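Student: Protein chains in written order, with our numbering: chain X, -14 to 526; chain V, -14 to 526.
Glycine included, each C-beta is placed from N, C-alpha and C at the ideal position.
Keep in mind the model is a prediction, meaning the values are calculated, not measured.
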């Protein structure tokens, strides 16, 4: 197996990709190497930047060095890591065509010893009519099929690209059909324009259309992605490889990359970075240099920024905090925040990718965090698997007390003691659940399990979270099986919204919700009125 | 003047502090130097870490080296930057008392050539009864007054500390009274426990209680703050100086600081950093070292993390993006998010601190961003200064079109043309305003001014932002002066909420709001119905 999974979080994973040129850990950023001239040499990239994998262009190599005998791409680049070669598809995108057939370029890539090679696909491009998009998808699929006999037995790993641009149905079709072919790696094409236009919600949809239709066990490469601001988002959606020349192109244009965005060198008065370039230099130093000297250093800084972010992402996967990292990076630009909001549409897939337990408490920042896998999972499992204890015919919904685990809270213990000693067999018929944001309805007997007592939430909670909590309580009532629903509530907005949603849910079942509570739902008075309520027969419709 | 402001954003500022030992740029982090033994030498701190200012303890120096003749703190530390000396107050906090009088320690600090010196205040501490808190405040004030004749003519800058802990009224009193005395610098005491317990909303209140009662032109030092996660928040609230031994203490405890929080070394598989320590080492390398060697390197990494964050903050102040940085850092822990929410309470002060225009577009991420100074300022100025054009008696509220500036949007131009040619003198009586999140009501003639066309907003917008927008429209109606209010709306939730709030606002003025609109408010049909509506006489109550 060429790709072995080591760890995962959300749809992101740490993997080990074995190629004939060596092993590479993913997620990995692959700097694009111009085979003719380089601002940072590939051997320095490996030694000083930790780049174990790079990508170069076989079409350009063939054009410039094609006549050389025994051409080897590793020797040509003076690089002893893993080399990926692109095929000229980028040149098709930019110049409309290439002077090479797919058969020729596949043969050439085999001949120069590429570790990972790419068929000659047709990039969809941007702003093209749907018929043209359809043609790029079908032609790419045809070429993928044509390539199969040529690459059979090749020692390289071969990449089957996915096209379709922002036409999600075509991306899905492209992914499904190429995923059925025996490629070892897939790649999603044409996201560059989407990224340059800051259309990150569209990027989320494109990646997911590909991801959900490709074999999950194969690595997914996002073509042309080279900004550290968006790596964590793409990894969270299941991308394993990135490539770009942005580190050098931005440098040429006097631009400085960070996980927060892009700065023009002229706007920098301080360097917000501790990399080897920035650590002992000031912004002033950089500005005073010659353009060429600055370009080289900016390229180095930009590459450090990319490589450090990959390490940050890997660490987040290991500790189970990739969601938190994506939230942080989503404040680089409102379009990144919009992308975070878009993740809600894929919360089931995200939950599926996430291991059950990482020992990491859950941080709930605000309504964006509703789509966290821990929250989705709790709701799914509660609805699918939980049954109230046998004999429980009254659902008692109690406002969650102030300390966790709720069940062990001293004020709740008092209430519980009073109910259990005073109510006799009525008590045996009670199914007690707490309600609290963001989990909603929490059966008392689950309240000590992960993550129901291992979370922190930012207060006061927002309107969306209140509504989400209320709806979760309503769904639990909707599961049915109770003769009676009693709400023991406080007087805050959350309590009002939970009461309203619960009343609605009861009504649908032909029941009347009963409520007790007060400003001090844990006081003696409130406890007495709850006792009295529970002793009375249930309200009738 | 010892402190000169160079730039500002929110309540944060870049300043130049002139001392007899040299100049220091603020905000500045001052590592605590143990005068007896150091894990990183002060001279290396200056050369390799850019620490132009450090803090040490005059009480400990006096105890250990007090007998030496001609003792000089710069020579003792072998450090040629600015040296601050604490007075033993920390020892009072920890050990309950010190074996020195204030007169003695003030004299001693003058004698050893401290550049910045601190009187012997009484730290409030944590979890102490209010009477004790009151005593610490009054005793600190008494000592501040007593110190005045002693420090008169001193070449050092003297710090007047503020105490009061979480008792905000006492913090305010302490700040007000010490601020009336001729100190050059102030410091807020006792935040350490608040920070260690992750009570960041309380920290916000404490800092603001001090800041709003101190002379704004003097630097404010936050005692004991040493975590890069919270520097940007504290700077945004007007803190200029930080000191802590945390870089070394955390290292001793095998902990690794980042702007995202604290990691235990044992939990790190990758190093999410490119500083000189982390750049060419792996987490494995660090784990395999001897404890002592690792402690030294972790202290270096932790100090790099602090110093780099200070540069990041300074750059954010220069470009006017400190708010964005605070939002990013607020995802380090839910308590930091809660602190961000707390900023809403101080949005007027935050607005006041922020320059009018930095050329930087406004990023609106979600409801937290409602407290951004640009948003607060727009609402304040609109309500205080804006008058509709003379003769305008009908307020026409139009859903904002899809491109900015709204006034130049092609669909809006069409609508405007139709109205102006068809309506005759009715048109002259129109005051046209757009409504859009987050600014709410935007008079057409302002729609091209900053920041009304220079912003990006993450869509879809949240419930709080919708409500905020609707209320802003309602307030504009409430300003009065119109005979008639007409809403030309769409059919989304925002439109419904704006309609509801506008109807309420009209009702209070004894008017009936009139509405037109449709799913396509820019279509021909919607334009015709708006024309018809405007031609009819106003609805009567």
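Can you pull the chain V neighbours of residue 266 (chain X), defined as C-beta to C-beta under 9 Å?
Tutor: Mapped onto the first chain, residue 266 (chain X) falls at position 281. Result: empty, since nearest Cβ-Cβ is about 11 Å, beyond 9 Å.
Student: Please tell me whether residue 348 (chain V) has its Cβ less than 8 Å away from any Cβ of chain X.
Tutor: As a working mapping, residue 348 (chain V) is identified with position 363 in the second chain. Answer yes: the Cβ-Cβ gap between residue 348 (chain V) and chain X drops below 8 Å somewhere.
Student: For a cutoff of 8 Å on Cβ pairs, would you count residue 30 (chain X) as touching chain V?
Tutor: Locating residue 30 (chain X) in the first chain gives position 45, counting from the first residue. Chain V contact via Cβ: absent.
Student: Could you please give me the residues that DSSP links to residue 64 (chain X) through a beta bridge?
Tutor: Translated into the one-based positions of the first chain, residue 64 (chain X) becomes position 79. Bridge partners of residue 64 (chain X): none, in fact.
Student: Quick one: is residue -11 (chain V) buried, meaning 16 or more other Cβ sit within 10 Å of its Cβ, or exposed?
Tutor: Residue -11 (chain V) sits at position 4 when you count from the first residue of the second chain. Residue -11 (chain V) should be labelled exposed.
Student: Kindly say whether residue 224 (chain V), judged by its beta-carbon, lies nearer than 8 Å to any beta-carbon of chain X.
Tutor: As a first step, residue 224 (chain V) must be located in the second chain, where it is residue number 239. For residue 224 (chain V), the answer is no, since every Cβ of chain X falls outside 8 Å of its Cβ.
Student: Would you identify the three-state DSSP class for residue 135 (chain X), choosing helix, strand or coil?
Tutor: Locating residue 135 (chain X) in the first chain gives position 150, where the first residue counts as 1. DSSP places residue 135 (chain X) in helix when its eight states are reduced to three.
Student: Roughly how many angstroms separate the alpha carbons of residue 170 (chain X) and residue 335 (chain X), rounded to a whole number?
Tutor: The count along the first chain starts at 1 and reaches residue 170 (chain X) at position 185. The count along the first chain starts at 1 and reaches residue 335 (chain X) at position 350. The alpha-carbon atoms of residue 170 (chain X) and residue 335 (chain X) are separated by roughly 21 Å.
Student: CB-CB under 7 Å to residue 519 (chain X), same chain, minus the five flanking residues each way: which ones, in chain order?
Tutor: Here residue 519 (chain X) is taken as the residue at index 534 of the first chain, counted from 1. For residue 519 (chain X), where only same-chain residues beyond five positions count, the Cβ hits under 7 Å are 408, 411 and 471.
Student: Just curious, the beta strand (DSSP E) that residue 42 (chain V) is in, first and last residue?
Tutor: Taking the first residue of the second chain as 1, we reach residue 42 (chain V) at position 57. Run containing residue 42 (chain V): 38 to 42, per the beta strand (DSSP E) assignment.
Student: Flag residue 447 (chain X) as yes if its beta-carbon sits less than 8 Å from any beta-carbon of chain V, otherwise no.
Tutor: Reading the first chain from its first residue, position 462 is the one you call residue 447 (chain X). For residue 447 (chain X), the answer is yes, since a Cβ of chain V falls inside 8 Å of its Cβ.
Student: With DSSP run on the structure shown, which of helix, strand or coil describes residue 308 (chain X)?
Tutor: Here residue 308 (chain X) refers to the residue found at position 323 when the first chain is read from its first residue. Residue 308 (chain X): helix per DSSP, three-state reduction.
Student: Does the count of Cβ pairs from the segment 396 to 408 of chain V and the segment 299 to 311 of chain X closer than 8 Å reach three?
Tutor: no
Student: Note down, in chain order, every chain V residue with its Cβ under 8 Å from the Cβ of residue 255 (chain X).
Tutor: The residue given as residue 255 (chain X) occupies position 270 in the first chain. 296, 297, 299, 300 and 303, listed in chain order.
Student: Among the residues of its own chain, which have a CB less than 6 Å from the CB of residue 469 (chain X), if the five just before and after it don't count?
Tutor: On the first chain, position 484 is the one that residue 469 (chain X) refers to. Result list for residue 469 (chain X): 379 and 523, in chain order.
Student: Does the beta-carbon of residue 79 (chain V) have 16 or more other beta-carbons within 10 angstroms, so that it is buried, or is it exposed?
Tutor: To locate residue 79 (chain V), count along the second chain from 1; it is residue 94. When all chains shown are included, residue 79 (chain V) counts as exposed.
Student: Name the chain V residues that come within less than 9 Å of residue 241 (chain X), Cβ to Cβ?
Tutor: Sequence index remark: in the first chain, residue 241 (chain X) carries index 256 (1-based). In chain order: nothing, as chain V lies at least about 10 Å away.
Student: Report, in whole angstroms, the separation of the C-beta atoms of residue 200 (chain V) and residue 164 (chain V), which I expect to be a contact under 8 Å.
Tutor: Along the second chain, read from residue 1 onward, the residue named residue 200 (chain V) stands at position 215. Along the second chain, read from residue 1 onward, the residue named residue 164 (chain V) stands at position 179. That belief holds up - the Cβ atoms of residue 200 (chain V) and residue 164 (chain V) are roughly 5 Å apart, short of 8 Å.
Student: Could you round the C-beta distance between residue 107 (chain X) and residue 76 (chain X) to whole angstroms and report it? I think they count as a contact, below 8 Å.
Tutor: Mapped onto the first chain, residue 107 (chain X) falls at position 122. Mapped onto the first chain, residue 76 (chain X) falls at position 91. Residue 107 (chain X) to residue 76 (chain X), Cβ: 12 Å. No contact.
Student: Would you report the Cα separation of residue 262 (chain V) and residue 213 (chain V), rounded to the nearest angstrom?
Tutor: Taking the first residue of the second chain as position 1, residue 262 (chain V) is located at position 277. Taking the first residue of the second chain as position 1, residue 213 (chain V) is located at position 228. Their backbone Cα atoms lie some 17 Å apart in a straight line.
Student: Can you round the beta-carbon distance between residue 146 (chain X) and residue 104 (chain X) to whole angstroms, since I take them to be within the 8 Å contact cut?
Tutor: Along the first chain, one-based indexing puts residue 146 (chain X) at 161. Along the first chain, one-based indexing puts residue 104 (chain X) at 119. At roughly 7 Å, the Cβ-Cβ gap stays under 8 Å, so residue 146 (chain X) and residue 104 (chain X) are in contact.
Student: Taking the continuous alpha helix (DSSP H) assigned at residue 454 (chain V), which residues delimit it?
Tutor: Within the second chain, numbered from 1, the residue matching residue 454 (chain V) stands at position 469. First-last of the alpha helix (DSSP H) with residue 454 (chain V): 448 to 463.
Student: Hey, is residue 385 (chain V)'s beta-carbon within less than 8 Å of any beta-carbon in chain X?
Tutor: The residue labelled residue 385 (chain V) in the question sits at position 400 within the second chain. With 8 Å as the cut-off, residue 385 (chain V) does not count as an interface residue toward chain X.
Student: Within 10 angstroms of its Cβ, does residue 299 (chain X) collect 16 or more other Cβ (buried), or is it exposed?
Tutor: Residue mapping note: residue 299 (chain X) aligns to position 314 of the first chain, counting from 1. Classification for residue 299 (chain X): buried.
Student: Please report the residue range of the beta strand (DSSP E) in which residue 426 (chain V) lies.
Tutor: The count along the second chain starts at 1 and reaches residue 426 (chain V) at position 441. 425 to 428 is the extent of the beta strand (DSSP E) around residue 426 (chain V).
Student: 8 Å is my cut-off, CB to CB: does residue 351 (chain X) come that close to chain V?
Tutor: Walking along the first chain from the start, residue 351 (chain X) turns up at place 366. At a cut-off of 8 Å, the C-beta of residue 351 (chain X) has a neighbouring C-beta in chain V.
Student: Hey, residue 394 (chain V) and residue 388 (chain V): beta-carbon distance below 8 Å or not?
Tutor: The sequence position of residue 394 (chain V) within the second chain is 409, counting from 1. The sequence position of residue 388 (chain V) within the second chain is 403, counting from 1. Yes, Cβ-Cβ distance for residue 394 (chain V) and residue 388 (chain V) is below 8 Å.
Student: Whole angstroms is fine: what's the gap from residue 2 (chain X)'s alpha carbon to residue 160 (chain X)'s?
Tutor: Position 17 of the first chain, counted from the first residue, corresponds to residue 2 (chain X). Position 175 of the first chain, counted from the first residue, corresponds to residue 160 (chain X). Answer to the nearest angstrom: the Cα atoms are 21 Å apart.
Student: List the whole-angstrom C-beta distance separating residue 41 (chain X) from residue 62 (chain X), where the pair is believed to meet the contact cut-off of C-beta under 8 Å.
Tutor: In the first chain, residue 41 (chain X) corresponds to position 56, counting from 1. In the first chain, residue 62 (chain X) corresponds to position 77, counting from 1. About 6 Å; that satisfies the 8 Å criterion.
Student: I need the straight-line Cα distance from residue 526 (chain X) to residue 461 (chain X), nearest angstrom please.
Tutor: The count along the first chain starts at 1 and reaches residue 526 (chain X) at position 541. The count along the first chain starts at 1 and reaches residue 461 (chain X) at position 476. The predicted model places residue 526 (chain X) with a pLDDT of 43, which falls under 50 and marks its position as unreliable, so this point remains unresolved.
Student: Would residue 317 (chain X) be called buried (16 or more neighbouring beta carbons within 10 Å of its own) or exposed?
Tutor: As a first step, residue 317 (chain X) is located in the first chain; it is residue number 332 there, counting from the start. When all chains shown are included, residue 317 (chain X) counts as buried.
Student: Within the continuous beta strand (DSSP E) that includes residue 476 (chain V), where are the two ends?
Tutor: Within the second chain, residue 476 (chain V) is the residue found at index 491, counting from 1. Residue 476 (chain V) -> no beta strand (DSSP E), and no H or E assigned at all.
Student: Compile a chain-ordered list of the residues in the segment 189 to 220 of chain X whose CB is closer than 8 Å to at least one CB of chain V.
Tutor: none
Student: Confirm, please, whether the CB-CB distance from residue 423 (chain X) to residue 354 (chain X) is below 8 Å.
Tutor: Position 369 of the first chain, counting from 1, holds the residue named residue 354 (chain X). Position 438 of the first chain, counting from 1, holds the residue named residue 423 (chain X). Result yes, Cβ atoms of residue 354 (chain X) and residue 423 (chain X) sit closer than 8 Å.
Student: According to a CB-to-CB cut-off of less than 9 Å, which residues of the segment 126 to 137 of chain X neighbour chain V?
Tutor: So the list is empty, because no residue satisfies the distance condition.
Student: Which of the three DSSP states is assigned to residue 206 (chain X) in this structure?
Tutor: For this step, residue 206 (chain X) is matched to residue 221 along the first chain. Three-state DSSP puts residue 206 (chain X) in a strand.
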